[in-house]
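Trainee: Count along the sequence shown from 1, then add 8; that gives the number in my numbering. Quick one: structure below, then a few questions.
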Amino acid sequence: MLVLTIALGMFSCEKESINTTTQETSFVNESPKIEDGMFSFDDWQEFRDLYNKFAELDTEQLISQSFYRYDKGFETSPAILGILNDDNQFIVTDKIIWFNEGKFYELEDDRAIDFQKSNMTNLREVGSVSYSPVNVEGSDSSKSSVVLSNQHRFNKQRYVEDCGSGKVQGPSPRQFKYVHEVYHELLVTPAPLPISQFSLWLRVKLEYNHKRRKWRHSGEGREISININNNSFLENNRPYPDDYNRRSVVFSSDCATHQVILLNRVTVAAAPYNSHWNINVSGTITEKMLGDVEGNRWKDEIYWD
């Protein structure tokens, strides 16, 4: 059984709910099943229900309810990271599903799993998480999930651990940067015909320069304030019907880490070609590492159109 022991009380924060501007999706109230350390679903619709539910949780809520870790070694949406256990697996209709390099594979049985993973030719592909099918007007996003990004580099002068009540760190020789970006994801699952779910996300993160200009996630707590108006939509020659979640964001915390927040979601019965996001995001995102000098507070004025 999955043991989830991270308490929300360790985050001393004041937080407002994320505002949604369209009708909320209703979810099954029952808790997801856990079997052999994996989420277990009766069918792919249950998987999609949990994916949609996880997509609307903030980082701290997701940590308390799922397998989510931002440092799993690959970048997908937090909804996917929350479903995958440490072996990148879950169960659908009594079959173990393994996620590897953007693909979902059905393992033949629960024996010799390592052998099956090292000999993939006989494995059945049952779904995928990808980015390249969705292009964004005015940007070269065909080879990357990131659509638009604002970044701010700075030299940390001071940091206070434990949400401002612990050990005090002084200046660091490593450079840090705040990263605010929009990225997209396309989830394809069987139903038995393929179901495509296009989603657009806002990511607010902190990175540090490890060495040789390689940037890595950095886990310091920050004051974070987000006030974003979102009027983006997906289109293919014409906009898709406006029957999906389009969300604007109001978020404030005195002690938060990385935030990945759903902006839009579109579900269709196939994977339309030549679809692209029409981006219209504006507002402000403000961050400051806890205890750092006021001069390192960054107020990012967002005008993505």
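Heads up, the beta-carbon is just placed ideally off N, CA and C, and yes, glycines get one too.
Would you give the residue range spanned by the alpha helix (DSSP H) that residue 59 belongs to?
Mentor: Stepping through the sequence shown from its first residue, residue 59 is reached at position 51. 52-63 is the span of the alpha helix (DSSP H), which, as asked, contains residue 59.
Trainee: Who are residue 173's beta bridge partners in DSSP?
Mentor: Walking along the sequence shown from the start, residue 173 turns up at place 165. Paired residues: none, contrary to the question.
Trainee: Could you name each continuous alpha helix (DSSP H) segment of 4 residues or more that falls completely within the region 242-305, going from the start of the chain to the end?
Mentor: Counting whole runs of 4 or more residues, the region 242-305 contains no alpha helix (DSSP H) stretch at all.
Trainee: Using the three-state DSSP reduction, which class does residue 96 fall into: helix, strand or coil?
Mentor: Stepping through the sequence shown from its first residue, residue 96 is reached at position 88. Here residue 96 sits in coil by DSSP.
Trainee: So which of 266, 283, 257, 273 has the shortest CA-CA distance to residue 310?
Mentor: Translated into positions along the sequence shown, residue 310 becomes position 302. Out of 266, 283, 257, 273, 257 has the C-alpha closest to the C-alpha of residue 310.
Trainee: By the three-class DSSP mapping on this structure, what secondary structure does residue 312 have?
Mentor: As a position in the sequence shown, residue 312 is number 304, starting the count at 1. Looking at residue 312 - three-state DSSP - the assignment turns out to be strand.
Trainee: Kindly confirm or deny that the region 161-172 and the region 291-307 touch, where touching means at least three C-beta pairs closer than 8 Å.
Mentor: Enough Cβ pairs lie closer than 8 Å, so yes.
Trainee: So, at 6 Å on beta carbons, what are the nonlocal neighbours of residue 157 in its own chain, with the 5 sequence-adjacent residues on each side left out?
Mentor: The count along the sequence shown starts at 1 and reaches residue 157 at position 149. Hits under 6 Å: 189.
Trainee: Assuming residue 294 and residue 306 make a contact with CB atoms under 8 Å, what is their CB distance in whole Å?
Mentor: Translated into the one-based positions of the sequence shown, residue 294 becomes position 286. Translated into the one-based positions of the sequence shown, residue 306 becomes position 298. Contact flag correct, Cβ pair sits at about 7 Å.
Trainee: So, does the region 263-271 touch the region 225-242, judging by three or more C-beta pairs under 8 Å?
Mentor: Yes, the region 263-271 touches the region 225-242.
Trainee: By the 10 Å Cβ neighbour count, where 16 or more other Cβ atoms means buried, how is residue 174 classified, buried or exposed?
Mentor: Taking the sequence shown and counting its residues from 1, the one referred to as residue 174 is at position 166. Exposed, since its Cβ has fewer than 16 Cβ neighbours within 10 Å.
Trainee: Count the other CB atoms within 10 Å of the CB of residue 218; is the residue buried (16 or more) or exposed (fewer)?
Mentor: Indexing the sequence shown from 1 puts residue 218 at position 210. Label assigned to residue 218: exposed.
Trainee: For residue 37, collect the residues of the same chain with a Cβ closer than 7 Å to its Cβ; drop the 5 residues on either side in sequence, then sort them by chain order.
Mentor: As a position in the sequence shown, residue 37 is number 29, starting the count at 1. In this predicted model, residue 37 has a pLDDT of only 47, less than 50, meaning its place in the structure is not dependable enough to derive any value.
Trainee: Do you know how far the Cα of residue 176 is from the Cα of residue 195?
Mentor: The residue you call residue 195 lines up with position 187 of the sequence shown. The residue you call residue 176 lines up with position 168 of the sequence shown. About 43 Å.
Trainee: How far does the beta strand (DSSP E) with residue 135 in it extend, from its first residue to its last?
Mentor: Residue numbering aside, residue 135 sits at position 127 when the sequence shown is read from its first letter. Its beta strand (DSSP E) spans residues 132-138.
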